[in-house]
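Some notes on the structure that comes next.
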Amino acid sequence: MNSITIEQCNIVLNNYLGHKNYKILNYNVKNSNKTSIGYLSTSLILLIKFINNNKINEIRFFIKLLPDTEYQLNLVKTANCFKKESAFYGELFQGIRAFLSYKSIPDCYLNDNESIIILEDLKMSDYKTCSAIDIDIKHIYAAIKTLADIHAASLIYEHKIGKTLDNIFPEEILRSWFHKYNPGYKESLNSAKIIEIIIDKYYRNYDINIINKAKFLCKNYSNFLDKKSEKYRNVITHFDIWCNNMLFKYDNNENVDNCIIIDFQTYGYNTPALDLLLLIYINLDRNKIIENQQKFIDYYYNCLLNNFKNYSINANDLLLNKEEFLKSINDAIPIALTGRALFSQSADIAENQIIH
Numbered sequence: 489m490n491s492i493t494i495e496q497c498n499i500v501l502n503n504y505l506g507h508k509n510y511k512i513l514n515y516n517v518k519n520s521n522k523t524s525i526g527y528l529s530t531s532l533i534l535l536i537k538f539i540n541n542n543k544i545n546e547i548r549f550f551i552k553l554l555p556d557t558e559y560q561l562n563l564v565k566t567a568n569c570f571k572k573e574s575a576f577y578g579e580l581f582q583g584i585r586a587f588l589s590y591k592s593i594p595d596c597y598l599n600d601n602e603s604i605i606i607l608e609d610l611k612m613s614d615y616k617t618c619s620a621i622d623i624d625i626k627h628i629y630a631a632i633k634t635l636a637d638i639h640a641a642s643l644i645y646e647h648k649i650g651k652t653l654d655n656i657f658p659e660e661i662l663r664s665w666f667h668k669y670n671p672g673y674k675e676s677l678n679s680a681k682i683i684e685i686i687i688d689k690y691y692r693n694y695d696i697n698i699i700n701k702a703k704f705l706c707k708n709y710s711n712f713l714d715k716k717s718e719k720y721r722n723v724i725t726h727f728d729i730w731c732n733n734m735l736f737k738y739d740n741n742e743n744v745d746n747c748i749i750i751d752f753q754t755y756g757y758n759t760p761a762l763d764l765l766l767l768i769y770i771n772l773d774r775n776k777i778i779e780n781q782q783k784f785i786d787y788y789y790n791c792l793l794n795n796f797k798n799y800s801i802n803a804n805d806l807l808l809n810k811e812e813f814l815k816s817i818n819d820a821i822p823i824a825l826t827g828r829a830l831f832s833q834s835a836d837i838a839e840n841q842i843i844h
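To convert, take the position in the sequence shown, counting from 1, and add 488; that gives the working numbering.
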């Protein structure tokens, strides 16, 4: 299954080693673990055996290709998913990545913008996914630190160049999965229809104003995520941080040591508060959210401040003081709660309820 050329292997190995003083002995491509197969891409593993400093070595890399099925391929092309992720790991986002303070995203060794991305295989560094059942408070804290690192890098980059990303990046790169012409828009409408049916059947005795507001939020969820905020600062927002898009590393005592966020195919440009709350609401149950939400919010903001200090930047310089941030949190809560509800309904939808 060698869909990779020797030329590509040389690019990957050169970028990985930082020099060309090696000799490739052989390479092989094999299927990845089923748990690594994504909805919007096909995943493979690249193994390269080579001689370096008179020693034989073998290294694994993670390959992302366009999806195999026509349906998924159409989704990817319609929403520019592959082009977006390639841009994230390519030159366009190089300035942002330079301001990351931690190991928050995978290293990329090759991407061609159209059909292939080759990343480090995080399993080689003992990173692993965590099931939805096993995600606890400690995992969320690690994920929040990573998310804050990515958001801070976005804000610091804008501060350094004196421009916002929407003024310098191509519109199709910042266009989110939930844009009205993208598949996420119809997906959320389909989920909204299911929730509306549930509301009408089981919650008819609720105050009509509450019912109408719930339906309004569900129907307009995509619009909230797709449009940048005119009131608060915007950052690169992942919008899809559930258990399969986080990998964790543990210390010898099985404590969470670090989190890496993956799959930057559907990101947008919106408030950091919304991305943070979606991370919390999608991955934790109601009781844990109620008990820990303010602690999470404070921790996230402190992580931002620590990153800003690394570059001698004050939060006020970025128009993101604590008061403004908390206001943005309050505005984002209804939208994030809606996202949690829609996320839970995105699996089994009857054919006659689907919007094509």
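Cβ atoms here follow ideal geometry from the backbone N, Cα and C, with glycine treated the same way.
Out of L772, A761, R721, L830, which has the shortest C-alpha to C-alpha gap to I821? As a first step, residue 821 must be located in the sequence shown, where it is residue number 333. Ranking the options by Cα distance to I821, first place goes to A761.
Where I817 and S619 are concerned, what is the direct C-alpha to C-alpha distance, given to the nearest angstrom? The residue you call residue 817 lines up with position 329 of the sequence shown. The residue you call residue 619 lines up with position 131 of the sequence shown. Whole-angstrom Cα-Cα distance: 27 Å.
Spell out a yes or no on whether the segment 585-599 and the segment 744-753 are touching, meaning 3 or more CB-CB pairs, one atom from each, closer than 8 Å. Segments in contact, yes.
Would you mind stating whether T826 and C731 have Cβ atoms separated by less than 8 Å? Sequence index remark: in the sequence shown, residue 826 carries index 338 (1-based). Sequence index remark: in the sequence shown, residue 731 carries index 243 (1-based). No, the pair does not count as a contact, with Cβ atoms beyond the cut-off.
Indicate the three-state DSSP secondary structure (helix, strand or coil) for E546 in the structure shown. The residue labelled residue 546 in the question sits at position 58 within the sequence shown. Strand.
Cβ-based neighbour list, N794, same chain, cut-off 8 Å, excluding 5 preceding and 5 following: Start at 1 with the first residue of the sequence shown, and residue 794 comes out as number 306. By the criterion of a C-beta distance shorter than 8 Å, N794 is surrounded in its chain by S589, once the five residues flanking it on both sides are discounted.
For a quick check, are the C-beta atoms of Y504 and I544 less than 8 Å apart? Here residue 504 corresponds to residue number 16 of the sequence shown, with the count starting at 1. Here residue 544 corresponds to residue number 56 of the sequence shown, with the count starting at 1. Taking 8 Å as the Cβ cut-off, Y504 and I544 do not qualify as a contacting pair.
Considering only their Cβ atoms, is the gap separating F538 from L501 smaller than 8 Å? Locating residue 501 in the sequence shown gives position 13, where the first residue counts as 1. Locating residue 538 in the sequence shown gives position 50, where the first residue counts as 1. Cβ atoms of L501 and F538: closer than 8 Å.
Does P463 pass the burial test, meaning 16 or more other C-beta atoms within 10 Å, or should it be called exposed? The displayed coordinates of the chain run from 489 to 844. Any statement about residue 463 would go beyond what the structure contains.
Near A575, which residues of its chain fall below 7 Å by C-beta distance, leaving aside the five closest residues on each side in sequence? For the purposes of this step, residue 575 is taken as the residue at position 87 of the sequence shown. Within the same chain, A575 has close Cβ partners F581, I661.
Host beta strand (DSSP E) of D745 (start-end): Residue mapping note: residue 745 aligns to position 257 of the sequence shown, counting from 1. Here the beta strand (DSSP E) through D745 covers 744-749.
Considering only their Cβ atoms, is the gap separating C791 from K633 smaller than 8 Å? Indexing the sequence shown from 1 puts residue 633 at position 145. Indexing the sequence shown from 1 puts residue 791 at position 303. Taking 8 Å as the Cβ cut-off, K633 and C791 qualify as a contacting pair.
Given 8 Å as the limit, is there contact between the segment 714-733 and the segment 647-658, that is, 3 or more CB pairs closer than that? As far as the Cβ criterion goes, the segment 714-733 touches the segment 647-658, which means the pair count is three or higher.
Decide yes or no for the touch test of the segment 563-574 against the segment 599-619: beta carbon pairs closer than 8 Å, at least 3 of them. yes
Test item: CB-CB of L532 and N516 under 8 Å: Here the question's residue 532 lines up with position 44 in the sequence shown. Here the question's residue 516 lines up with position 28 in the sequence shown. It is not a contact, given that the beta carbons lie outside the stated cut-off.
Taking the beta strand (DSSP E) that S520 falls in, what are its first and last residues? Position 32 of the sequence shown, counting from 1, holds the residue named residue 520. Run containing S520: none; DSSP gives neither H nor E here.
At the level of alpha carbons, what is the spacing between R828 and K648? Taking the first residue of the sequence shown as position 1, residue 828 is located at position 340. Taking the first residue of the sequence shown as position 1, residue 648 is located at position 160. In a straight line, the C-alpha of R828 is about 35 Å away from that of K648.
Assuming the contact rule is C-beta atoms closer than 8 Å, Y709 and L830 should be a hit. Round their C-beta distance to whole Å, please. As a position in the sequence shown, residue 709 is number 221, starting the count at 1. As a position in the sequence shown, residue 830 is number 342, starting the count at 1. With 8 Å as the limit, Y709 and L830 qualify as a contact, their Cβ atoms being about 6 Å apart.
Going along the chain, which residues of its own chain have a beta-carbon closer than 6 Å to the beta-carbon of E495, five neighbours each way excluded? If you number the sequence shown from 1, residue 495 lands on position 7. Result list for E495: empty, nothing under 6 Å.
Out of curiosity, what's the CA-to-CA distance linking H627 and Y787? What you label residue 627 is simply residue 139 of the sequence shown in a count that begins at 1. What you label residue 787 is simply residue 299 of the sequence shown in a count that begins at 1. Distance between the alpha carbons of H627 and Y787: 13 Å.
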